[in-house]
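Encoded as structure tokens, the structure appears first; notes follow it.
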Amino acid sequence: MLLASKSYVEGGLALSLYSAKLLDEKLSATKAAETDRLNLLLDILTPILKGWTSKWSLVANDFAIQIYGGYGYTRDYPVEQLWRDNRLNPIHEGTDGIQAIDLLGRKVSMRDGAAFEALCGEIKKTILSAKSKSEVPAHLPAALQFNLDKLENVTKTVSSQNLLSERISHAWLYADAFGHIVIAWIWLEQYLACLGRNDDFADSKRVTAEYFFTYELRNVETWLDTVDEQPVLLSKTSKETFLP
């Protein structure tokens, strides 16, 4: 639970800082093409920045309460207050579900997939860089490449569906998978940034990156398989299902 919480929170924080960096670069860019590229990256990362970080950071808050046991639920410790305060974040902007629908229903297909391709291009650059470094465990870039390839294939399949209701019926699963791939990329970037360092901080980053790739990223394949198969259960469920 501690490593899970650390991977969610520090991964989300790093993504936030990366997005802030993109915004700074956009505001100082002097060429239209560069401004456009940065806009595309910010557009497609926004649903992840808002949705994934608020959802999974709240999971970290929940784990913090669990770690304290019964005391975690009392006001003797600050974690219950942090959970209540942060519970609002997944509701902002019309709930995380809206962010997921925005991602799958609009952002990945906007301008014929230009934003999606721009982000995939950045992730592939990191994968190539990691593969060229002997200090980076080979399974890290390999796992990210595998899941990114799957994301690209599933995105093409889902984007080709004519009915919007069919495309977005599993948007929440797609957003989780997409977000986990983005956070894995961010963790691989942090791993690369710590190369050549042997201090405790760098060691903690490497361990957490390994955790995320080993325990969290493996969920992506299952989520994307479900999105790809497009089960009809959800679309056939009526309001009567939830009546007493």
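Residue numbering for the sequence shown follows the UniProt record's numbering, starting at 1 and increasing by one per position. All residues carry an ideal CB built from backbone N, CA and C; glycine is no exception. Fair warning: this is a prediction, and the values are worked out from it, not measured in the lab.
- Between Leu-40 and the rest of its own chain, which residues show a CB-CB distance below 7 angstroms, the 5 nearest in sequence each way excluded? Here residue 40 refers to the residue found at position 40 when the sequence shown is read from its first residue. Same-chain partners within the cutoff: Ala-114, Ala-115, Ala-118.
- Task: Tell me, to the nearest whole angstrom, how far the beta carbon of Leu-188 is from that of Thr-237; I am working on the premise that it is less than 8 angstroms.
- Result: If you number the sequence shown from 1, residue 188 lands on position 188. If you number the sequence shown from 1, residue 237 lands on position 237. In fact, because the Cβ distance is near 38 angstroms, the residues do not count as touching under 8 angstroms.
- By Cβ distance below 8 angstroms, which residues in the same chain neighbour Leu-195 in space, the five residues on each side in sequence not counted? To locate residue 195, count along the sequence shown from 1; it is residue 195. Here the set comprises Lys-133, Glu-135, Val-136.
- Query: Among residues of its own chain, excluding the 5 on either side of Glu-25, which ones have a beta-carbon nearer than 6 angstroms to its beta-carbon?
  - Reply: Along the sequence shown, one-based indexing puts residue 25 at 25. Around Glu-25: Leu-38.
- Message: I need the DSSP call for Leu-40, collapsed to helix, strand or coil.
- Response: Taking the sequence shown and counting its residues from 1, one reaches residue 40 at position 40. If DSSP states are grouped into helix, strand and coil, Leu-40 belongs with the helices.
- Item | Segment contact flag, the region 69-79 with the region 5-25, C-beta cutoff 8 angstroms, min 3 pairs | no
- Give the C-beta separation of Gly-11 and Ile-183 to the nearest angstrom, bearing in mind that I take them to be a contact with Cβ-Cβ under 8 angstroms. Working through the sequence shown from its first residue, we reach residue 11 at position 11. Working through the sequence shown from its first residue, we reach residue 183 at position 183. That belief holds up - the Cβ atoms of Gly-11 and Ile-183 are roughly 4 angstroms apart, short of 8 angstroms.
- Task: Look up Ser-235 in the DSSP assignment and say whether it is helix, strand or coil.
- Result: Your numbering for residue 235 matches position 235 in the sequence shown. In the structure shown, Ser-235 sits in a helix (DSSP, three-state: H, G or I).
- Query: For the alpha helix (DSSP H) that contains Ser-132, what are its first and last residues?
  - Reply: In the sequence shown, the residue the question calls residue 132 occupies position 132. Premise fails: Ser-132 is in no alpha helix (DSSP H) and is neither H nor E.
- Query: Which whole runs of the beta strand (DSSP E) in the UniProt domain "Acetyl-CoA dehydrogenase-like C-terminal" (120-229) are 3 residues long or more, in chain order?
  - Reply: Qualifying beta strand (DSSP E) stretches: none in this window.
- Query: In terms of residues, what are the limits of the alpha helix (DSSP H) holding Tyr-8?
  - Reply: Along the sequence shown, read from residue 1 onward, the residue named residue 8 stands at position 8. Residues 2-28.
- Task: Can you say whether Ser-165 is buried or exposed, counting buried as having 16 or more other CB atoms within 10 angstroms of its CB?
- Result: Translated into positions along the sequence shown, residue 165 becomes position 165. So Ser-165 counts as exposed.
- Quick one: residues in its chain with C-beta nearer than 6 angstroms to the C-beta of Ser-7, no 5 flanking neighbours on either side, listed in chain order? Here residue 7 corresponds to residue number 7 of the sequence shown, with the count starting at 1. If we look at Ser-7 and ignore the five residues flanking it on each side, its Cβ neighbours are Thr-208, Tyr-211, Phe-212.
- Task: Output the boundary residues of the alpha helix (DSSP H) element that contains Val-79.
- Result: Position 79 of the sequence shown, counted from the first residue, corresponds to residue 79. Note, Val-79: alpha helix (DSSP H), 79-86.
- Message: Is it buried or exposed, Asn-61, if we count other Cβ atoms within 10 angstroms and call 16 or more buried?
- Response: Position 61 of the sequence shown holds residue 61. Flag for Asn-61 reads buried.
- Task: May I have the straight-line CA-CA distance separating Trp-56 from Val-220, to the nearest angstrom?
- Result: Working through the sequence shown from its first residue, we reach residue 56 at position 56. Working through the sequence shown from its first residue, we reach residue 220 at position 220. Near 14 angstroms, if we compare the C-alpha coordinates of Val-220 and Trp-56.
- So Thr-157 and Asp-112 are in contact, right, with Cβ under 8 angstroms, and what is the actual spacing, rounded? Residue numbering aside, residue 157 sits at position 157 when the sequence shown is read from its first letter. Residue numbering aside, residue 112 sits at position 112 when the sequence shown is read from its first letter. No, Thr-157 and Asp-112 are not in contact; Cβ-Cβ is about 16 angstroms, not under 8 angstroms.
- Minimum C-alpha distance to Leu-217 - residue among Ile-98, Ala-14, Val-108, Trp-185: Sequence index remark: in the sequence shown, residue 217 carries index 217 (1-based). When only C-alpha atoms are compared, the closest one is Trp-185.
- Does the beta-carbon distance from Leu-224 to Leu-151 come in below 8 angstroms? Within the sequence shown, the letter at position 224 stands for residue 224. Within the sequence shown, the letter at position 151 stands for residue 151. Yes; because the gap between Cβ atoms is below 8 angstroms, this pair is in contact.
- Message: Can you give me the C-alpha to C-alpha distance between Leu-13 and Pro-244, rounded to a whole angstrom?
- Response: Taking the first residue of the sequence shown as position 1, residue 13 is located at position 13. Taking the first residue of the sequence shown as position 1, residue 244 is located at position 244. C-alpha separation (whole angstroms): 42 angstroms.
- Message: I'd like to know whether the C-beta atoms of Leu-104 and Ile-181 end up nearer to each other than 8 angstroms.
- Response: Here residue 104 refers to the residue found at position 104 of the sequence shown. Here residue 181 refers to the residue found at position 181 of the sequence shown. Contact: no.
- Message: Taking the alpha helix (DSSP H) that Asn-89 belongs to, which residues open and close that run?
- Response: The sequence position of residue 89 within the sequence shown is 89, counting from 1. No alpha helix (DSSP H) holds Asn-89; DSSP gives it neither H nor E.
- Output the distance between the C-alpha atoms of Ala-32 and Leu-148, rounded to the nearest integer angstrom. Looking up residue 32 in the sequence shown gives position 32. Looking up residue 148 in the sequence shown gives position 148. Cα to Cα, Ala-32 sits roughly 28 angstroms from Leu-148.
- According to the neighbour-count rule (16 or more other Cβ atoms, all chains shown, within 10 Å of its Cβ), is His-92 buried or exposed? In the sequence shown, residue 92 corresponds to position 92, counting from 1. Classification of His-92: exposed, given that the 10 Å Cβ count is below 16.
- Expressed to the nearest angstrom, what Euclidean distance is found between the alpha-carbon atoms of Asn-162 and Ala-175? Your numbering for residue 162 matches position 162 in the sequence shown. Your numbering for residue 175 matches position 175 in the sequence shown. Near 20 angstroms, if we compare the C-alpha coordinates of Ala-175 and Asn-162.
- Query: What is the rounded straight-line gap between the Cα of Lys-239 and the Cα of Gly-121?
  - Reply: As a position in the sequence shown, residue 239 is number 239, starting the count at 1. As a position in the sequence shown, residue 121 is number 121, starting the count at 1. Approximately 42 angstroms between the Cα atoms of the pair.
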